Amino acid sequence: MTAEDGLMNTIELAGGDHAVLALHGLYGNPLELRYVGRQLQRAGYTVVIPLIAGYGYARGSSGSVKTAAWQHWYKEVQRQFDALKKRYKTVSVIGLCIGAVLALRLAQERGSGIAALGLFAPTLAYDGWSIPRYRFLLPLVYYTPFRFTYAYQERFPYGLKNEVLRNRIAQEMRNSDASEAGASTLPAEGIFQAHRLIRKVRRHLGDVRTPTLIVHAAQDDVASRKSADLVEAKIGAQCRKKVILQNSYHMITLDNDKEIVAREIVDFLAVQRFKADVRPSPVSTVQRLQVMAG
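For what it's worth, full-length UniProt numbering labels the leading residue of the sequence shown as 1, then goes sequentially.
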(Lines of atoms letter the chains of each structure in order from A and count residues from 1; the text may use other names and numbers.)
(Lines give C-alpha, C1' and ligand atoms only; values in the text may rest on other atoms or scores of the structure.)
Protein backbone atom coordinates (compact mmCIF):
# COMPACT_ATOMS: atom_id res chain seq x y z
CA MET A 1 0.00 0.00 0.00
CA THR A 2 1.35 3.43 -0.94
CA ALA A 3 1.39 6.54 1.25
CA GLU A 4 -1.41 7.95 -0.91
CA ASP A 5 -3.47 4.83 -0.23
CA GLY A 6 -3.08 5.42 3.50
CA LEU A 7 -4.33 8.98 3.14
CA MET A 8 -7.53 7.63 1.59
CA ASN A 9 -8.46 6.54 5.10
CA THR A 10 -9.63 8.89 7.87
CA ILE A 11 -7.64 12.13 8.05
CA GLU A 12 -7.35 14.10 11.30
CA LEU A 13 -5.79 17.57 11.32
CA ALA A 14 -5.17 18.97 14.79
CA GLY A 15 -6.02 22.59 15.52
CA GLY A 16 -8.05 24.69 17.94
CA ASP A 17 -11.23 24.18 19.94
CA HIS A 18 -13.52 24.67 16.93
CA ALA A 19 -13.73 21.33 15.10
CA VAL A 20 -14.94 20.77 11.55
CA LEU A 21 -16.43 17.44 10.51
CA ALA A 22 -15.83 17.02 6.75
CA LEU A 23 -17.85 14.47 4.76
CA HIS A 24 -16.56 13.22 1.41
CA GLY A 25 -18.72 12.14 -1.52
CA LEU A 26 -20.34 8.80 -2.30
CA TYR A 27 -17.68 6.17 -3.13
CA GLY A 28 -15.12 8.88 -2.47
CA ASN A 29 -12.47 9.21 0.20
CA PRO A 30 -10.96 11.85 2.53
CA LEU A 31 -8.47 12.99 -0.13
CA GLU A 32 -11.34 14.85 -1.80
CA LEU A 33 -11.40 17.27 1.13
CA ARG A 34 -7.74 17.24 2.15
CA TYR A 35 -6.87 20.61 0.56
CA VAL A 36 -9.81 22.41 2.15
CA GLY A 37 -9.09 20.65 5.43
CA ARG A 38 -5.50 21.85 5.45
CA GLN A 39 -6.57 25.44 4.82
CA LEU A 40 -9.02 25.20 7.71
CA GLN A 41 -6.27 23.80 9.92
CA ARG A 42 -4.01 26.73 9.01
CA ALA A 43 -6.85 29.03 10.07
CA GLY A 44 -6.89 27.38 13.49
CA TYR A 45 -9.54 24.68 13.15
CA THR A 46 -9.36 21.01 14.01
CA VAL A 47 -10.55 18.97 11.03
CA VAL A 48 -11.71 15.35 10.90
CA ILE A 49 -12.40 13.74 7.51
CA PRO A 50 -13.65 10.19 8.20
CA LEU A 51 -13.80 7.35 5.72
CA ILE A 52 -17.30 5.97 6.24
CA ALA A 53 -17.64 2.21 5.78
CA GLY A 54 -20.34 1.21 3.31
CA TYR A 55 -20.27 4.71 1.79
CA GLY A 56 -16.67 5.62 1.02
CA TYR A 57 -14.11 3.63 -0.93
CA ALA A 58 -10.36 3.47 -0.51
CA ARG A 59 -7.71 1.19 -1.95
CA GLY A 60 -6.81 -1.47 0.56
CA SER A 61 -9.81 -0.74 2.81
CA SER A 62 -11.92 -3.88 2.60
CA GLY A 63 -14.39 -2.57 5.17
CA SER A 64 -15.57 0.16 2.82
CA VAL A 65 -16.32 -2.00 -0.23
CA LYS A 66 -19.81 -3.30 0.54
CA THR A 67 -22.52 -0.66 0.17
CA ALA A 68 -24.66 -0.06 3.26
CA ALA A 69 -28.10 1.55 3.54
CA TRP A 70 -28.11 5.33 3.76
CA GLN A 71 -29.30 5.09 7.37
CA HIS A 72 -25.99 3.40 8.19
CA TRP A 73 -24.07 6.26 6.56
CA TYR A 74 -26.06 8.76 8.58
CA LYS A 75 -25.64 6.83 11.82
CA GLU A 76 -21.87 6.95 11.36
CA VAL A 77 -22.03 10.70 10.66
CA GLN A 78 -23.97 11.15 13.91
CA ARG A 79 -21.38 9.09 15.78
CA GLN A 80 -18.51 11.16 14.40
CA PHE A 81 -20.36 14.39 15.22
CA ASP A 82 -21.15 13.32 18.78
CA ALA A 83 -17.52 12.35 19.36
CA LEU A 84 -16.38 15.82 18.29
CA LYS A 85 -19.03 17.53 20.42
CA LYS A 86 -17.64 15.78 23.49
CA ARG A 87 -14.09 16.96 22.78
CA TYR A 88 -14.46 20.43 21.29
CA LYS A 89 -16.20 23.65 22.25
CA THR A 90 -17.74 24.20 18.81
CA VAL A 91 -18.39 21.94 15.81
CA SER A 92 -19.20 22.85 12.22
CA VAL A 93 -19.96 20.41 9.39
CA ILE A 94 -18.98 20.53 5.73
CA GLY A 95 -19.60 18.06 2.92
CA LEU A 96 -19.05 17.39 -0.77
CA CYS A 97 -21.74 16.02 -3.10
CA ILE A 98 -23.75 13.41 -1.13
CA GLY A 99 -21.57 14.35 1.84
CA ALA A 100 -23.30 17.74 1.66
CA VAL A 101 -26.68 15.97 1.68
CA LEU A 102 -25.64 14.04 4.79
CA ALA A 103 -24.61 17.35 6.37
CA LEU A 104 -28.06 18.75 5.57
CA ARG A 105 -29.70 15.72 7.19
CA LEU A 106 -27.62 16.21 10.32
CA ALA A 107 -28.61 19.89 10.44
CA GLN A 108 -32.27 18.94 10.11
CA GLU A 109 -32.08 16.83 13.25
CA ARG A 110 -29.17 18.29 15.24
CA GLY A 111 -28.98 21.84 13.95
CA SER A 112 -28.86 23.54 17.33
CA GLY A 113 -25.52 21.88 18.01
CA ILE A 114 -23.91 22.82 14.69
CA ALA A 115 -22.14 26.18 14.44
CA ALA A 116 -22.21 26.36 10.63
CA LEU A 117 -22.67 24.29 7.47
CA GLY A 118 -20.52 24.25 4.36
CA LEU A 119 -22.22 22.57 1.38
CA PHE A 120 -19.93 21.93 -1.59
CA ALA A 121 -21.69 20.81 -4.79
CA PRO A 122 -24.77 19.64 -2.88
CA THR A 123 -26.48 16.99 -4.99
CA LEU A 124 -30.27 16.92 -4.73
CA ALA A 125 -30.62 15.59 -8.29
CA TYR A 126 -28.30 13.84 -10.73
CA ASP A 127 -29.02 16.24 -13.57
CA GLY A 128 -25.59 17.54 -14.62
CA TRP A 129 -24.56 17.81 -18.25
CA SER A 130 -22.48 14.59 -18.22
CA ILE A 131 -25.28 12.41 -16.81
CA PRO A 132 -26.65 10.10 -19.56
CA ARG A 133 -30.00 11.03 -21.04
CA TYR A 134 -31.31 7.55 -20.26
CA ARG A 135 -31.09 8.26 -16.52
CA PHE A 136 -34.90 8.22 -16.31
CA LEU A 137 -34.67 4.46 -16.87
CA LEU A 138 -32.51 3.91 -13.79
CA PRO A 139 -35.46 3.11 -11.47
CA LEU A 140 -35.94 -0.02 -13.59
CA VAL A 141 -32.52 -1.11 -12.35
CA TYR A 142 -33.00 0.08 -8.77
CA TYR A 143 -36.07 -2.04 -8.17
CA THR A 144 -34.70 -5.26 -9.65
CA PRO A 145 -31.96 -7.64 -8.49
CA PHE A 146 -29.63 -5.91 -10.99
CA ARG A 147 -29.14 -3.07 -8.52
CA PHE A 148 -26.97 -5.39 -6.40
CA THR A 149 -24.72 -6.40 -9.30
CA TYR A 150 -24.70 -3.50 -11.78
CA ALA A 151 -22.10 -0.75 -11.51
CA TYR A 152 -21.48 2.46 -13.44
CA GLN A 153 -17.99 2.98 -14.81
CA GLU A 154 -16.61 6.40 -13.88
CA ARG A 155 -15.89 8.30 -17.08
CA PHE A 156 -14.88 11.61 -18.64
CA PRO A 157 -14.67 14.28 -17.32
CA TYR A 158 -14.42 12.66 -13.85
CA GLY A 159 -15.94 15.78 -12.30
CA LEU A 160 -12.84 17.81 -13.19
CA LYS A 161 -12.28 20.73 -15.54
CA ASN A 162 -8.54 20.93 -14.83
CA GLU A 163 -7.05 18.91 -17.70
CA VAL A 164 -3.78 18.02 -15.98
CA LEU A 165 -5.56 16.70 -12.89
CA ARG A 166 -8.23 15.02 -14.99
CA ASN A 167 -5.61 13.10 -17.00
CA ARG A 168 -3.86 12.00 -13.82
CA ILE A 169 -7.11 10.82 -12.26
CA ALA A 170 -8.03 8.97 -15.46
CA GLN A 171 -4.66 7.21 -15.37
CA GLU A 172 -5.17 6.27 -11.71
CA MET A 173 -8.59 4.84 -12.46
CA ARG A 174 -7.24 2.79 -15.37
CA ASN A 175 -4.54 1.31 -13.15
CA SER A 176 -6.47 0.91 -9.92
CA ASP A 177 -9.92 0.72 -8.36
CA ALA A 178 -9.79 4.16 -6.71
CA SER A 179 -8.26 7.60 -7.05
CA GLU A 180 -8.09 10.94 -5.27
CA ALA A 181 -11.44 11.72 -6.91
CA GLY A 182 -13.12 8.50 -5.81
CA ALA A 183 -13.76 4.96 -6.98
CA SER A 184 -13.44 3.90 -10.63
CA THR A 185 -16.83 2.16 -10.54
CA LEU A 186 -20.04 3.22 -8.80
CA PRO A 187 -22.32 0.35 -7.74
CA ALA A 188 -25.98 0.96 -8.55
CA GLU A 189 -26.94 0.08 -4.98
CA GLY A 190 -25.07 3.14 -3.72
CA ILE A 191 -26.82 5.44 -6.18
CA PHE A 192 -30.14 3.92 -5.11
CA GLN A 193 -29.37 4.61 -1.45
CA ALA A 194 -28.30 8.15 -2.32
CA HIS A 195 -31.64 8.76 -4.06
CA ARG A 196 -33.47 7.57 -0.94
CA LEU A 197 -31.44 9.94 1.23
CA ILE A 198 -32.02 12.82 -1.19
CA ARG A 199 -35.80 12.32 -1.09
CA LYS A 200 -35.74 12.39 2.70
CA VAL A 201 -33.65 15.54 2.86
CA ARG A 202 -35.60 17.43 0.20
CA ARG A 203 -38.83 17.01 2.17
CA HIS A 204 -37.37 18.69 5.24
CA LEU A 205 -35.13 21.46 3.89
CA GLY A 206 -37.11 24.03 5.86
CA ASP A 207 -35.88 22.44 9.08
CA VAL A 208 -32.31 23.56 8.36
CA ARG A 209 -31.74 26.71 10.43
CA THR A 210 -27.97 26.51 10.81
CA PRO A 211 -25.93 29.28 9.10
CA THR A 212 -25.16 27.80 5.69
CA LEU A 213 -22.59 28.38 2.96
CA ILE A 214 -23.42 26.83 -0.43
CA VAL A 215 -20.69 26.56 -3.07
CA HIS A 216 -21.52 25.13 -6.50
CA ALA A 217 -20.04 25.17 -9.99
CA ALA A 218 -22.01 26.76 -12.81
CA GLN A 219 -20.78 23.93 -15.06
CA ASP A 220 -21.23 21.08 -12.58
CA ASP A 221 -21.34 17.93 -14.69
CA VAL A 222 -23.07 15.74 -12.06
CA ALA A 223 -25.60 18.02 -10.36
CA SER A 224 -26.72 21.25 -12.02
CA ARG A 225 -26.82 24.47 -10.01
CA LYS A 226 -30.54 23.85 -9.53
CA SER A 227 -29.56 21.85 -6.44
CA ALA A 228 -27.76 24.85 -4.95
CA ASP A 229 -30.64 27.15 -5.87
CA LEU A 230 -33.13 24.78 -4.22
CA VAL A 231 -31.13 24.60 -1.00
CA GLU A 232 -30.81 28.38 -0.89
CA ALA A 233 -34.53 28.87 -1.51
CA LYS A 234 -35.92 26.22 0.84
CA ILE A 235 -33.72 26.08 3.95
CA GLY A 236 -34.93 27.91 7.02
CA ALA A 237 -31.57 29.46 7.91
CA GLN A 238 -31.61 33.25 8.20
CA CYS A 239 -27.88 33.34 7.44
CA ARG A 240 -27.13 31.75 4.08
CA LYS A 241 -24.64 32.51 1.34
CA LYS A 242 -24.38 31.01 -2.13
CA VAL A 243 -21.23 31.15 -4.25
CA ILE A 244 -21.26 30.04 -7.90
CA LEU A 245 -17.88 29.05 -9.34
CA GLN A 246 -16.99 29.63 -12.98
CA ASN A 247 -13.95 27.43 -13.60
CA SER A 248 -14.73 24.00 -12.15
CA TYR A 249 -16.94 20.97 -12.64
CA HIS A 250 -18.38 18.79 -9.85
CA MET A 251 -15.26 18.09 -7.77
CA ILE A 252 -14.84 21.69 -6.67
CA THR A 253 -12.60 20.86 -3.71
CA LEU A 254 -10.00 19.43 -6.14
CA ASP A 255 -10.58 21.47 -9.29
CA ASN A 256 -9.46 24.90 -10.54
CA ASP A 257 -11.49 26.82 -7.94
CA LYS A 258 -10.41 24.87 -4.86
CA GLU A 259 -8.66 27.96 -3.45
CA ILE A 260 -11.92 29.90 -3.67
CA VAL A 261 -13.80 27.07 -1.95
CA ALA A 262 -11.27 27.02 0.89
CA ARG A 263 -11.25 30.80 1.27
CA GLU A 264 -15.04 30.99 1.31
CA ILE A 265 -15.46 28.41 4.06
CA VAL A 266 -12.63 29.86 6.16
CA ASP A 267 -14.18 33.33 5.89
CA PHE A 268 -17.71 32.06 6.53
CA LEU A 269 -16.70 30.21 9.68
CA ALA A 270 -14.78 33.25 10.90
CA VAL A 271 -17.88 35.43 10.50
CA GLN A 272 -20.01 32.91 12.41
CA ARG A 273 -17.42 32.74 15.19
CA PHE A 274 -17.38 36.53 15.44
CA LYS A 275 -21.18 36.65 15.64
CA ALA A 276 -21.16 34.01 18.37
CA ASP A 277 -18.52 35.91 20.34
CA VAL A 278 -20.42 39.22 20.30
CA ARG A 279 -23.89 37.73 20.77
CA PRO A 280 -25.09 38.55 24.32
CA SER A 281 -25.90 35.58 26.52
CA PRO A 282 -29.43 35.25 27.97
CA VAL A 283 -28.07 35.88 31.47
CA SER A 284 -26.35 39.12 30.56
CA THR A 285 -29.47 40.31 28.75
CA VAL A 286 -31.61 39.66 31.84
CA GLN A 287 -29.07 41.44 34.03
CA ARG A 288 -29.17 44.51 31.77
CA LEU A 289 -32.96 44.58 31.88
CA GLN A 290 -32.87 44.38 35.68
CA VAL A 291 -30.44 47.28 35.83
CA MET A 292 -32.62 49.33 33.48
CA ALA A 293 -35.71 48.54 35.56
CA GLY A 294 -33.93 49.60 38.75
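The C-beta atom is built at its ideal place from N, Cα and C for all residues, glycine as well.
These figures come from a predicted structure and were not determined experimentally.
Query: Rounded to whole angstroms, what is the Cα-Cα separation between His18 and Asp277?; Result: 13 Å
Query: Classify Trp70: buried if its beta carbon has 16 or more other beta carbons within 10 angstroms, exposed otherwise.; Result: buried
Query: Using DSSP with H/G/I as helix, E/B as strand and the rest coil, what is Leu186?; Result: strand
Query: Using only the alpha-carbon positions, how far apart do Val48 and Leu117 sit?; Result: 15 Å
Query: Suppose the cutoff is 7 Å on Cβ atoms and the five residues either side in sequence are ignored; what does the same chain contact list for Thr253 look like?; Result: Glu32, Leu33, Tyr35, Val36, Leu96, Phe120 and Val261
Query: So Ser227 and Ala125 are supposed to be a Cβ contact under 8 Å. How far apart are they, rounded?; Result: 6 Å
Query: Do Ala68 and Thr90 have their beta-carbon atoms positioned less than 8 Å apart in this structure?; Result: no
Query: Do Gly15 and Thr46 have their C-beta atoms within less than 8 Å of each other?; Result: yes
Query: Which one of Gly28, Ser130 and Gln39 has the shortest CA to CA distance from Ala270?; Result: Gln39
Query: Please state whether DSSP places His24 in a helix, a strand or coil.; Result: coil
Query: Can you tell me which residues form a DSSP beta bridge with Leu213?; Result: Gly118 and Lys241
Query: Taking 7 Å as the limit between beta carbons, can you name the residues of its chain near Trp73, skipping five residues before and five after?; Result: Ile52, Gly54, Tyr55 and Leu102
Query: Check whether the segment 197-204 and the segment 164-174 touch, using three or more Cβ-Cβ pairs below 8 Å as the test.; Result: no
Query: Within the same chain, show all residues whose beta-carbon is closer than 6 Å to that of Ser130, passing over the 5 residues directly before and after it, in chain order.; Result: Asp221
Query: Given that a residue counts as buried once 16 or more other Cβ atoms are within 10 Å of its Cβ, and exposed if not, what is Gly206?; Result: exposed
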